[in-house]
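Per the numbering used here, the very first residue in the sequence shown carries number 350; after that it's consecutive. Backbone N, C-alpha and C define an ideal beta-carbon position, used for all residues, glycine too.
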Amino acid sequence: MESRMWNGLVGVVKETYTASLGEGAVPRPLMMPVVRGELVGLIWGRPLHVGQDALAGIAELSNIAAAAGADEVVLAWETHDVATACELPIGGPAPCLNMVLATPNGHVLHQFPYHEKLLSRSPEGWASAAPDWRPAPRRSPDANWCHRSRPRWTSPSLPSS
(Lines of atoms letter the chains of each structure in order from A; the text may use other names.)
(Lines give C-alpha, C1' and ligand atoms only; values in the text may rest on other atoms or scores of the structure.)
Protein backbone atom coordinates (compact mmCIF):
# COMPACT_ATOMS: atom_id res chain seq x y z
CA MET A 350 0.00 0.00 0.00
CA GLU A 351 1.26 3.41 -0.88
CA SER A 352 2.45 5.28 2.23
CA ARG A 353 0.30 8.31 1.40
CA MET A 354 -2.83 6.15 1.39
CA TRP A 355 -1.76 4.40 4.59
CA ASN A 356 -1.10 7.72 6.34
CA GLY A 357 -4.51 8.98 5.18
CA LEU A 358 -6.28 5.88 6.55
CA VAL A 359 -4.44 6.19 9.87
CA GLY A 360 -5.44 9.86 10.07
CA VAL A 361 -9.11 9.15 9.35
CA VAL A 362 -9.27 6.32 11.90
CA LYS A 363 -7.54 8.43 14.58
CA GLU A 364 -9.96 11.31 13.90
CA THR A 365 -12.89 8.90 14.19
CA TYR A 366 -11.57 7.55 17.50
CA THR A 367 -11.07 11.09 18.80
CA ALA A 368 -14.65 12.08 17.85
CA SER A 369 -16.14 8.87 19.28
CA LEU A 370 -14.29 9.13 22.59
CA GLY A 371 -15.51 12.72 22.81
CA GLU A 372 -19.06 11.34 22.59
CA GLY A 373 -18.36 8.68 25.24
CA ALA A 374 -17.98 5.69 22.89
CA VAL A 375 -15.27 3.55 21.33
CA PRO A 376 -15.80 2.69 17.65
CA ARG A 377 -16.50 -0.93 16.81
CA PRO A 378 -13.87 -2.91 14.88
CA LEU A 379 -13.34 -1.62 11.36
CA MET A 380 -12.22 -3.27 8.14
CA MET A 381 -11.15 -1.54 4.93
CA PRO A 382 -10.69 -3.76 1.84
CA VAL A 383 -8.34 -2.49 -0.87
CA VAL A 384 -8.46 -3.79 -4.45
CA ARG A 385 -5.58 -2.94 -6.81
CA GLY A 386 -4.59 0.06 -4.69
CA GLU A 387 -8.14 1.47 -4.38
CA LEU A 388 -10.07 1.59 -1.13
CA VAL A 389 -13.40 -0.13 -1.90
CA GLY A 390 -15.10 0.01 1.47
CA LEU A 391 -15.16 1.09 5.06
CA ILE A 392 -17.03 -1.51 7.11
CA TRP A 393 -17.74 -1.23 10.84
CA GLY A 394 -18.44 -4.39 12.80
CA ARG A 395 -22.09 -4.89 13.67
CA PRO A 396 -23.21 -4.29 17.27
CA LEU A 397 -21.71 -7.11 19.30
CA HIS A 398 -22.72 -8.97 22.44
CA VAL A 399 -19.97 -10.16 24.77
CA GLY A 400 -18.70 -13.68 24.12
CA GLN A 401 -19.20 -15.91 21.07
CA ASP A 402 -21.31 -13.29 19.30
CA ALA A 403 -18.39 -10.84 19.39
CA LEU A 404 -16.02 -13.49 18.03
CA ALA A 405 -18.45 -14.36 15.23
CA GLY A 406 -19.25 -10.72 14.42
CA ILE A 407 -15.59 -9.81 14.03
CA ALA A 408 -14.92 -12.93 11.93
CA GLU A 409 -17.86 -12.02 9.66
CA LEU A 410 -15.95 -8.93 8.52
CA SER A 411 -13.70 -11.24 6.47
CA ASN A 412 -16.66 -12.18 4.27
CA ILE A 413 -16.78 -8.64 2.92
CA ALA A 414 -13.09 -8.60 2.08
CA ALA A 415 -13.48 -11.92 0.28
CA ALA A 416 -16.56 -10.73 -1.62
CA ALA A 417 -14.72 -7.60 -2.72
CA GLY A 418 -11.74 -9.63 -3.93
CA ALA A 419 -9.45 -7.57 -1.70
CA ASP A 420 -5.73 -7.95 -2.21
CA GLU A 421 -4.99 -5.82 0.87
CA VAL A 422 -7.03 -5.38 4.04
CA VAL A 423 -6.70 -2.84 6.83
CA LEU A 424 -8.20 -3.80 10.19
CA ALA A 425 -8.63 -1.41 13.12
CA TRP A 426 -9.75 -2.07 16.68
CA GLU A 427 -9.24 -0.89 20.25
CA THR A 428 -7.30 -3.30 22.46
CA HIS A 429 -9.36 -3.16 25.64
CA ASP A 430 -12.75 -2.97 23.91
CA VAL A 431 -12.25 -6.03 21.70
CA ALA A 432 -10.53 -8.08 24.43
CA THR A 433 -13.46 -7.39 26.76
CA ALA A 434 -16.08 -8.17 24.09
CA CYS A 435 -14.33 -11.41 23.10
CA GLU A 436 -13.57 -12.39 26.71
CA LEU A 437 -9.85 -12.56 25.96
CA PRO A 438 -6.89 -11.36 28.03
CA ILE A 439 -5.65 -7.88 27.18
CA GLY A 440 -2.36 -8.15 25.29
CA GLY A 441 -0.17 -5.18 24.56
CA PRO A 442 -0.74 -1.56 25.46
CA ALA A 443 -4.25 -0.50 26.50
CA PRO A 444 -5.94 1.70 25.68
CA CYS A 445 -4.55 1.40 22.19
CA LEU A 446 -5.79 1.78 18.63
CA ASN A 447 -4.47 -1.16 16.62
CA MET A 448 -4.27 -1.22 12.83
CA VAL A 449 -3.10 -4.16 10.77
CA LEU A 450 -2.18 -3.97 7.11
CA ALA A 451 -2.60 -7.49 5.71
CA THR A 452 -1.52 -8.58 2.23
CA PRO A 453 -1.03 -12.02 0.66
CA ASN A 454 2.64 -11.71 1.68
CA GLY A 455 1.99 -11.13 5.39
CA HIS A 456 0.83 -8.48 7.76
CA VAL A 457 2.16 -5.70 9.95
CA LEU A 458 0.62 -4.58 13.23
CA HIS A 459 0.73 -0.84 13.95
CA GLN A 460 -0.15 0.27 17.47
CA PHE A 461 -1.21 3.76 18.52
CA PRO A 462 -1.38 3.82 22.32
CA TYR A 463 -3.07 6.69 24.09
CA HIS A 464 -4.09 7.94 27.50
CA GLU A 465 -7.62 9.12 27.96
CA LYS A 466 -8.04 12.70 29.16
CA LEU A 467 -11.40 13.08 30.88
CA LEU A 468 -13.36 15.96 29.32
CA SER A 469 -16.67 15.63 31.16
CA ARG A 470 -18.99 13.19 32.87
CA SER A 471 -22.76 13.09 32.37
CA PRO A 472 -25.18 12.75 35.30
CA GLU A 473 -25.74 9.15 34.10
CA GLY A 474 -22.02 8.41 34.45
CA TRP A 475 -20.99 8.47 30.78
CA ALA A 476 -17.50 9.87 30.32
CA SER A 477 -16.43 12.05 27.46
CA ALA A 478 -12.70 11.73 26.82
CA ALA A 479 -9.99 12.83 24.43
CA PRO A 480 -7.08 10.60 23.40
CA ASP A 481 -3.62 11.84 24.28
CA TRP A 482 -1.73 9.90 21.60
CA ARG A 483 1.54 8.39 22.79
CA PRO A 484 4.55 7.35 20.73
CA ALA A 485 3.88 4.19 18.78
CA PRO A 486 5.92 1.10 19.64
CA ARG A 487 8.02 -0.32 16.83
CA ARG A 488 5.98 -2.05 14.13
CA SER A 489 5.74 -5.78 14.58
CA PRO A 490 6.01 -7.92 11.42
CA ASP A 491 5.59 -11.02 13.59
CA ALA A 492 4.46 -13.83 11.31
CA ASN A 493 2.87 -15.72 14.22
CA TRP A 494 0.94 -12.74 15.64
CA CYS A 495 -2.43 -13.80 14.20
CA HIS A 496 -1.99 -17.37 15.36
CA ARG A 497 -1.16 -16.35 18.93
CA SER A 498 -4.07 -13.94 19.31
CA ARG A 499 -6.73 -15.68 17.21
CA PRO A 500 -9.46 -17.20 19.37
CA ARG A 501 -10.42 -20.84 19.07
CA TRP A 502 -13.55 -20.91 16.92
CA THR A 503 -16.35 -23.27 17.91
CA SER A 504 -18.80 -22.80 15.05
CA PRO A 505 -18.27 -25.18 12.10
CA SER A 506 -19.00 -22.27 9.74
CA LEU A 507 -16.06 -20.25 11.11
CA PRO A 508 -12.40 -20.87 10.44
CA SER A 509 -10.61 -23.18 12.83
CA SER A 510 -7.06 -22.75 14.01
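If you drop the 5 nearest sequence neighbours on each side, which residues of the same chain put their C-beta closer than 8 Å to that of D420? V383, V384, R385, T452 and P453
Does the Cβ of P484 have 16 or more other Cβ atoms within 10 Å, making it buried, or fewer, making it exposed? exposed
Going by the beta-carbon positions, is the gap between V431 and M448 smaller than 8 Å? no
Tell me the DSSP secondary structure of W482 in three-state form. strand
Grab the span of the beta strand (DSSP E) containing S471 for me, first residue to last. Per DSSP, S471 belongs to no beta strand (DSSP E) and is neither H nor E.
Beta-carbon proximity check, A403 vs A443, cutoff 8 Å: A443 is positioned such that its CB atom lies no closer than 8 Å to that of A403.
In this structure, how does DSSP classify V361 when only helix, strand and coil are distinguished? helix
Can you pull the DSSP bridge partners for C445? P462
Close beta carbons around G369, own chain, < 7 Å, minus the five adjacent residues each side: Inspection of the sequence shows that residue 369 is occupied by Ser rather than by Gly. Contacts found: V375 and P376.
Who are the Cβ neighbours of G406 in its own chain at under 6 Å, not counting the five residues just before and after it? G394, R395 and L397
Rounding to the nearest angstrom, what Cα-Cα distance links N356 and K363 in this structure? 10 Å
Thinking C-beta only, is T367 closer than 8 Å to P480? yes
Taking the continuous alpha helix (DSSP H) assigned at E409, which residues delimit it? Q401 to A417
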